[in-house]
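First the structure, in the form of structure tokens, and then the observations on it.
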Amino acid sequence: MNASALKIGTSHPRGDAVAKAAGTERYAADLYPQGCLWAGAVRSHQACGRIISIDTTAAAALPGVVKVLTAADVVASNRQGIIHKDMPVLCDDLVRYCGDPLALVLAETKEALQRGMSAVQLQLEPLPGLFDLDSALAADAPLIHEDKPGNLLAQASICKGTGLDGFDACSVVVEGSFSTPVQAHAFLETESGVARLEEDGGLLMEVSTQSPFRDRFEISHALGIPWGKIRIVAPSLGGGFGGKDGATVQCLLGLAAQHADGRWVRMQWDREESFKAGYKRHACRMEYKLGAAADGTLQALHAKLWYDTGAYAHLGAEVMELGMEHAGGPYRIPHTLIEGWCVYTNNPTAGAMRAFGVCQATFGFESMMDLLAAKLGMDPLELRLKNALVRGDENCAGMRLTTSTGIKTCLEQLQQHPFWQDREVWKAASPAYKKRGIGLASVFNAAGYGGGVRDAATAKIELTPEGTFLIHNAVTDMGQGNSSAFLQIAGHILSQDASRVLLKQPDTRTAYPSGSSSAGRTTYTFGKALITATEELKARLLNWAGMILFLQDNDGLELQPGRVLHQPSQKEVSLVALAGYMQPEERVCLGQYVAPTCKEVPPTAKGFFIGFPHVIFGYGAHLVRLEVDSLTGQLTVCDYLAVTDGGRVLNPGMFDQQVQGGVAQGLGYALMEDFTVRDGVVKTPDFATYLIPGSLDIPEIISIAAQGEPEETGPFGMKGIGEVAMNGPLPAVANAVADACGVRLCHGPLTPQRVLAGVKG
Amino acid sequence: MTIRFNLNSIPTECDCPSDRRVIDLLREDLGLTGSKEGCGTGECGACTILVDGVPKLACLMLAAQLEGTQVETVEALQQTDQGRALMTAFAEEGAVQCGYCIPGMEMASLALLRQEEPLNREQIKEGLSGNLCRCTGYVKIVDAVERAVQECCKI
Chain A
300 MNASALKIGT SHPRGDAVAK AAGTERYAAD LYPQGCLWAG AVRSHQACGR IISIDTTAAA
360 ALPGVVKVLT AADVVASNRQ GIIHKDMPVL CDDLVRYCGD PLALVLAETK EALQRGMSAV
420 QLQLEPLPGL FDLDSALAAD APLIHEDKPG NLLAQASICK GTGLDGFDAC SVVVEGSFST
480 PVQAHAFLET ESGVARLEED GGLLMEVSTQ SPFRDRFEIS HALGIPWGKI RIVAPSLGGG
540 FGGKDGATVQ CLLGLAAQHA DGRWVRMQWD REESFKAGYK RHACRMEYKL GAAADGTLQA
600 LHAKLWYDTG AYAHLGAEVM ELGMEHAGGP YRIPHTLIEG WCVYTNNPTA GAMRAFGVCQ
660 ATFGFESMMD LLAAKLGMDP LELRLKNALV RGDENCAGMR LTTSTGIKTC LEQLQQHPFW
720 QDREVWKAAS PAYKKRGIGL ASVFNAAGYG GGVRDAATAK IELTPEGTFL IHNAVTDMGQ
780 GNSSAFLQIA GHILSQDASR VLLKQPDTRT AYPSGSSSAG RTTYTFGKAL ITATEELKAR
840 LLNWAGMILF LQDNDGLELQ PGRVLHQPSQ KEVSLVALAG YMQPEERVCL GQYVAPTCKE
900 VPPTAKGFFI GFPHVIFGYG AHLVRLEVDS LTGQLTVCDY LAVTDGGRVL NPGMFDQQVQ
960 GGVAQGLGYA LMEDFTVRDG VVKTPDFATY LIPGSLDIPE IISIAAQGEP EETGPFGMKG
1020 IGEVAMNGPL PAVANAVADA CGVRLCHGPL TPQRVLAGVK G
Chain B
264 MTIRFNLNSI PTECDCPSDR RVIDLLREDL GLTGSKEGCG TGECGACTIL VDGVPKLACL
324 MLAAQLEGTQ VETVEALQQT DQGRALMTAF AEEGAVQCGY CIPGMEMASL ALLRQEEPLN
384 REQIKEGLSG NLCRCTGYVK IVDAVERAVQ ECCKI
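Chains as they are written, first to last, in our numbering: chain A, 300 to 1060; chain B, 264 to 418.
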């Protein structure tokens, strides 16, 4: 029995930690239903081509092969996509990237599946592919999607103040061009799930997903199964980071189930398939121009951002738009012009990933801030503090900030830290052949879906007949710990210990649509709904206890672990007894919440579809101390400090987990992660070629919560910080390299080769 | 072929192809899904088990190699003081996020604990350098192992 009290503001161990540490937590990848079939997709080895024929005869005739399906077997739209439905479940005419699925094989065993997949005969007519932004944007470029002229998924702009005219009054102007690489989510549990068709024709699927409720619509649209007959169960994810937001295996699995005569079908992508066919972070090219007055007051910004979205849309347009909304950093800039292009190519599909378009722009902008500071001869921290947004300011997109805005507090706390105070001493103590540098980055990241999208949740909590509480979580836990936060929220309100509050992971049959696990909105939105539901349940319990104990009102009545106690009389009634008195429907409470939206949308944005503007932001101030090896160009990150404004911290331990994890992923992005595609072919299909940080690559990461104000709209004053930490490392590291060697590196990641080339000029 | 070995102290007999991957044998045939497969090519460490006390990657081993060995998986952690100390430390120090790397991390850590020597953070990081984690940044994982080392190696 875990009898520790669940209290907001304490580092209570996560509710899932014991099962995960014991190896008993069951992930989608752990499911091997008795007698299940194995499904696998046959994928294109061409990046761009027309399908001449797909001959399945030989494959279908092999022993152990049960079915070989092609697009002809898909009865509905055969198109998936969260907003823009342009991605075939199985290609029907063209292939658009190396990895596009062409056939789906069902087999009795893994071995038979491999044989069957190898035996499918593909005939493709190669077409010229477009593998970079310039060729895709060329006037005579062939169209990757016929209905998308110019190969543009989206083109948009934000213009604030007098736009480019703002440069006229600037005393100092700096310019820079930057690029960032493709990044893979590299979650350790690859895309996986099991499914079967039920007797009533409905589809049951247990799958590693960030969006179980939305998956029903995607599957329904693509495969023609009525969405009301689709049940998605979503156990804990072995990592997500955005890469499991939207259909991965879902539609393929659903299609397989439609042809499996009611048998279970299992699909799991291997690592190579995950790297090739899974979604990625957009590569980005940026051009920046920033102007300021002589005293360092920012005046004008011109930013141009090009995002390579690959073969299909996924959330590419929305990624670009969020990047644009953040392109000016957490600063006051009266005049801005921010332009964005989201471009189709024949590269693997890019989509959602932690810090969704923002970490690219942050690299550009925070590099520019250091360039500007150098030109002004100003301290880079002073420059940031001078221009930091405060509540009531307009951000770079023209949105007036009405919620908690803690960037200044973050910077001030960083300023007080010994890493900053003692920086010159530390740098001077550099060992032989090493140069030490210190780099800063101010970061922010919106929370919530943004304008035009309903960011809502419906929470459900029940008192069980055993006298415990059960939360029906509806937003999956990909590891960020939202379900533990929900246990803490409900336990706190109900004054229960950890043994008496349980949680069921999402099941579309027993929980209610609450959006995806994404966008820094998971704990925020569902948490608010859960507070409402839990408060109502508490009121019902007190009312029942009052009736049973013959009390005229609730005075002196309090919930305690397992019981309601009347303090003055010391009379009590157990929760088990109360559960027995209450009707089943009375033991269940629902609560709804809709996140706040901007009521006065600034007329600054053009070409945006949805998701503009955002009203709540998490903020952070980051500092890195590193050493550059002058002989090899190798960077050693010695220390990392992140001060983060997430409003009120519900669980300091879990807060640090998110910050440290985000920083580590950001350091991978800064130092080594370089998903390489040549002529559409992935050159980094495994962990030997696509390097992510190991334990020796990551320094001690110090996470400090900003002593700022709570976010009044959030559950107990919190706001989401799952993404913001990802934004800091790349610009901070680049700024530290510049500080150490005087060399400005503008292309990520900052590999030893690039650093050495920079140092040698 | 028939393969005999001790699995988490239980004499075990398996009838399977000699070239069946140990990770498949454990997860699919024996139902021990605690060991995870993250890459299948020996690069991530999620499938780390102990074979005769030595950390091995179950995705790179074949069933025949288990003949006559002592195999330990995450499922055996609760059987020993060191294993329990590790699990508690991982849970309480906040080392667990998505948790998918954790069984492998713990088995690599168990091998470190058995050296019964005090280990500093650098040595712990070195000992875990074959195990990838995408969630935590390793800081709290090292905290957890450091705590378990202190508890188990009271020298």
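Where a beta carbon is used, it is the ideal one built from N, C-alpha and C, also for glycine.
- Task: Would you kindly check if the distance between the Cβ of Val404 (chain A) and the Cβ of Asp358 (chain A) is under 8 Å?
- Result: For the purposes of this step, residue 358 (chain A) is taken as residue 59 along the first sequence, with counting starting at 1. For the purposes of this step, residue 404 (chain A) is taken as residue 105 along the first sequence, with counting starting at 1. Going by the sequence as given, residue 358 (chain A) is Ala instead of Asp. Against a cut-off of 8 Å, the Cβ pair of Val404 (chain A) and Ala358 (chain A) comes out as a contact.
- Separation of Asn377 (chain A) from Ser470 (chain A), as counted between CA atoms: For the purposes of this step, residue 470 (chain A) is identified with residue 171 of the first sequence, where counting begins at 1. For the purposes of this step, residue 377 (chain A) is identified with residue 78 of the first sequence, where counting begins at 1. Going by the C-alpha atoms only, they are around 56 Å apart.
- Task: Taking Ala832 (chain A) and Ala758 (chain A) to be in contact with their CB atoms under 8 Å, please state how far apart those CB atoms are, rounded to whole angstroms.
- Result: The residue labelled residue 832 (chain A) in the question sits at position 533 within the first sequence. The residue labelled residue 758 (chain A) in the question sits at position 459 within the first sequence. Yes, Ala832 (chain A) and Ala758 (chain A) are in contact; Cβ-Cβ is about 5 Å, under 8 Å.
- Can you find a C-beta in chain B that's less than 8 Å from the C-beta of Leu405 (chain A)? Translated into positions along the first sequence, residue 405 (chain A) becomes position 106. Closer than 8 Å: no.
- Task: Give the DSSP-derived three-state secondary structure of Asn269 (chain B) in the structure shown.
- Result: Position 6 of the second sequence, counting from 1, holds the residue named residue 269 (chain B). Secondary structure of Asn269 (chain B) (DSSP, three-state): strand.
- Message: What does the alpha-carbon distance come out to for the pair Ile273 (chain B) and Glu338 (chain B)?
- Response: Start at 1 with the first residue of the second sequence, and residue 273 (chain B) comes out as number 10. Start at 1 with the first residue of the second sequence, and residue 338 (chain B) comes out as number 75. Going by the C-alpha atoms only, they are around 12 Å apart.
- Task: Would you mind reading off the limits of the beta strand (DSSP E) that contains Ala1024 (chain A)?
- Result: Taking the first residue of the first sequence as position 1, residue 1024 (chain A) is located at position 725. Unbroken run through Ala1024 (chain A): none, as it is neither H nor E.
- Beta-bridge partners of Leu858 (chain A), as assigned by DSSP: In the first sequence, counting from the first residue as 1, residue 858 (chain A) sits at position 559. Leu858 (chain A) is bridged to A:Val863.
- Kindly indicate if chain A contains any beta-carbon less than 8 Å away from that of Val402 (chain B). Within the second sequence, residue 402 (chain B) is the residue found at index 139, counting from 1. Taking Cβ atoms only, chain A reaches closer than 8 Å to Val402 (chain B), which makes this a yes.
- Item | Identity of the residue in A:Asp721, A:Gly910, A:Pro400, A:Gly946 nearest Tyr1091 (chain A) by Cα | Since the first residue shown for chain A is 300 and the last is 1060, residue 1091 (chain A) is missing from the structure and cannot be characterised.
- Task: Tell me Tyr278 (chain A)'s beta-bridge partners as DSSP assigns them.
- Result: A question about residue 278 (chain A) goes unanswered here, because the residues of chain A that appear run from 300 up to 1060.
- Reducing DSSP to helix, strand and coil, say where Ser994 (chain A) ends up. Residue numbering aside, residue 994 (chain A) sits at position 695 when the first sequence is read from its first letter. Note: Ser994 (chain A) maps to coil in three-state DSSP.
- Query: Does DSSP put Ala746 (chain A) in a helix, a strand or coil?
  - Reply: Within the first sequence, the letter at position 447 stands for residue 746 (chain A). Ala746 (chain A) falls in the strand class under three-state DSSP.
- Inspect the beta-carbon positions of Ile381 (chain A) and Leu614 (chain A) and report whether they are closer than 8 Å. In the first sequence, the residue the question calls residue 381 (chain A) occupies position 82. In the first sequence, the residue the question calls residue 614 (chain A) occupies position 315. Yes, the pair counts as a contact, with Cβ atoms nearer than the cut-off.
- Measure how close the beta-carbons of Gly965 (chain A) and Met1025 (chain A) come, nearest whole angstrom, since I'm counting them as under 8 Å. Residue numbering aside, residue 965 (chain A) sits at position 666 when the first sequence is read from its first letter. Residue numbering aside, residue 1025 (chain A) sits at position 726 when the first sequence is read from its first letter. Yes, they are in contact, since the Cβ atoms of Gly965 (chain A) and Met1025 (chain A) sit about 5 Å apart, within 8 Å.
- Identify the contact partners of Gln482 (chain A) in chain B, using a Cβ-Cβ distance below 9 Å as the criterion. For the purposes of this step, residue 482 (chain A) is identified with residue 183 of the first sequence, where counting begins at 1. Residues of chain B with a Cβ closer than 9 Å to the Cβ of Gln482 (chain A) do not exist, since the nearest Cβ in that chain sits about 12 Å away.
- Specify the secondary structure class of Val359 (chain B) as computed by DSSP and reduced to three states. In the second sequence, the residue the question calls residue 359 (chain B) occupies position 96. Three-state DSSP puts Val359 (chain B) in coil, outside helix and strand.
- Item | Entirely enclosed alpha helix (DSSP H) segments - the stretch 329–386 of chain A, minimum 4 residues | The alpha helix (DSSP H) runs of length 4 or more contained entirely in the stretch 329–386 of chain A are, from start to end of the chain, 356–360.
- Chain-ordered neighbours of Leu995 (chain A) on chain B, where CB pairs are closer than 7 Å: Residue mapping note: residue 995 (chain A) aligns to position 696 of the first sequence, counting from 1. Correct list: Lys388, Glu389, Ser392.
- Using the Cα positions of Leu376 (chain B) and Arg584 (chain A), report the straight-line distance between them to the nearest angstrom. As a first step, residue 376 (chain B) is located in the second sequence; it is residue number 113 there, counting from the start. As a first step, residue 584 (chain A) is located in the first sequence; it is residue number 285 there, counting from the start. So the alpha carbons of these two residues sit roughly 48 Å apart.
- 8 Å Cβ cutoff, Thr399 (chain B) in contact with chain A: Within the second sequence, numbered from 1, the residue matching residue 399 (chain B) stands at position 136. Interface criterion met: the Cβ of Thr399 (chain B) is under 8 Å from a Cβ in chain A.
- Nearest chain A C-beta to Pro318 (chain B) closer than 8 Å, yes or no? The count along the second sequence starts at 1 and reaches residue 318 (chain B) at position 55. Output row for Pro318 (chain B): interface = no.
- Item | Reference Gln1111 (chain A), options A:Asn842, A:Gln859, A:Leu858, closest by Cα | With chain A covering only 300 through 1060, there is no way to say anything about residue 1111 (chain A).
- Query: Which first and last residues belong to the beta strand (DSSP E) in which Ser873 (chain A) is found?
  - Reply: On the first sequence, position 574 is the one that residue 873 (chain A) refers to. It spans 870–873 - the beta strand (DSSP E) in which Ser873 (chain A) sits, taken as one unbroken run.
- Task: Within its chain, find whatever has a CB closer than 7 Å to the CB of Met300 (chain A); leave out the 5 residues flanking it on each side and keep chain order.
- Result: For this step, residue 300 (chain A) is matched to residue 1 along the first sequence. Confidence at Met300 (chain A) is low in this model, with a pLDDT of 47, below 50, so its placement is unreliable and no value can be given for it.
- For Gly967 (chain A), which of helix, strand or coil comes out of DSSP? Position 668 of the first sequence, counting from 1, holds the residue named residue 967 (chain A). Gly967 (chain A): helix per DSSP, three-state reduction.
- Relative to the alpha-carbon of Arg653 (chain A), which residue among A:Lys837, A:Leu930, A:Asn744, A:Ala592 has its alpha-carbon at the smallest distance? If you number the first sequence from 1, residue 653 (chain A) lands on position 354. Taking each of A:Lys837, A:Leu930, A:Asn744, A:Ala592 in turn and checking the Cα distance to Arg653 (chain A), the smallest one comes out for A:Asn744.
- Task: Please state whether DSSP places Glu693 (chain A) in a helix, a strand or coil.
- Result: Your numbering for residue 693 (chain A) matches position 394 in the first sequence. The answer is strand: DSSP assigns Glu693 (chain A) an E or B state.
- Message: I'd like the list of long-range same chain contacts for Val473 (chain A), defined as Cβ closer than 7 Å, with 5 residues on each side in sequence excluded.
- Response: Looking up residue 473 (chain A) in the first sequence gives position 174. Here Val473 (chain A) has Leu589, Met667, Leu670, Leu671, Lys674 as same chain residues with Cβ atoms under 7 Å from its own Cβ, once five neighbours each way along the sequence are excluded.
- Task: Starting from the beta carbon of Gln956 (chain A), find every residue of chain B whose beta carbon is closer than 7 Å, and list them in chain order.
- Result: Taking the first sequence and counting its residues from 1, one reaches residue 956 (chain A) at position 657. Under the 7 Å cutoff, chain B gives Gly357, Gln360, Thr399, Lys403.
- Would you kindly check if the distance between the Cβ of Phe430 (chain A) and the Cβ of Phe486 (chain A) is under 8 Å? For this step, residue 486 (chain A) is matched to residue 187 along the first sequence. For this step, residue 430 (chain A) is matched to residue 131 along the first sequence. Not in contact: Phe486 (chain A) and Phe430 (chain A) (Cβ atoms no closer than 8 Å).
- If Ala649 (chain A) sits next to Val388 (chain A), beta carbons under 8 Å apart, how far is it from one beta carbon to the other, in whole angstroms? By one-based count along the first sequence, residue 649 (chain A) stands at place 350. By one-based count along the first sequence, residue 388 (chain A) stands at place 89. About 19 Å; that fails the 8 Å criterion.
- Task: Output the distance between the C-alpha atoms of Leu786 (chain A) and Phe268 (chain B), rounded to the nearest integer angstrom.
- Result: The residue labelled residue 786 (chain A) in the question sits at position 487 within the first sequence. The residue labelled residue 268 (chain B) in the question sits at position 5 within the second sequence. Rounded to whole angstroms, the gap between the alpha carbons of Leu786 (chain A) and Phe268 (chain B) is 42 Å.
- Item | Coarse secondary structure for Arg495 (chain A), derived from DSSP in three states | Walking along the first sequence from the start, residue 495 (chain A) turns up at place 196. Strand, per DSSP.
- Message: Give the list of continuous alpha helix (DSSP H) stretches no shorter than 4 residues that lie fully inside the stretch 790–863 of chain A.
- Response: 821–847, all fully within the stretch 790–863 of chain A.
- Query: Apart from the five residues just before and just after Lys803 (chain A), which ones in its own chain have a Cβ nearer than 8 Å to its Cβ?
  - Reply: Indexing the first sequence from 1 puts residue 803 (chain A) at position 504. So the list reads Leu769, Ile770, His771, Asn772, Thr809, Ala810, once near-sequence residues are dropped.
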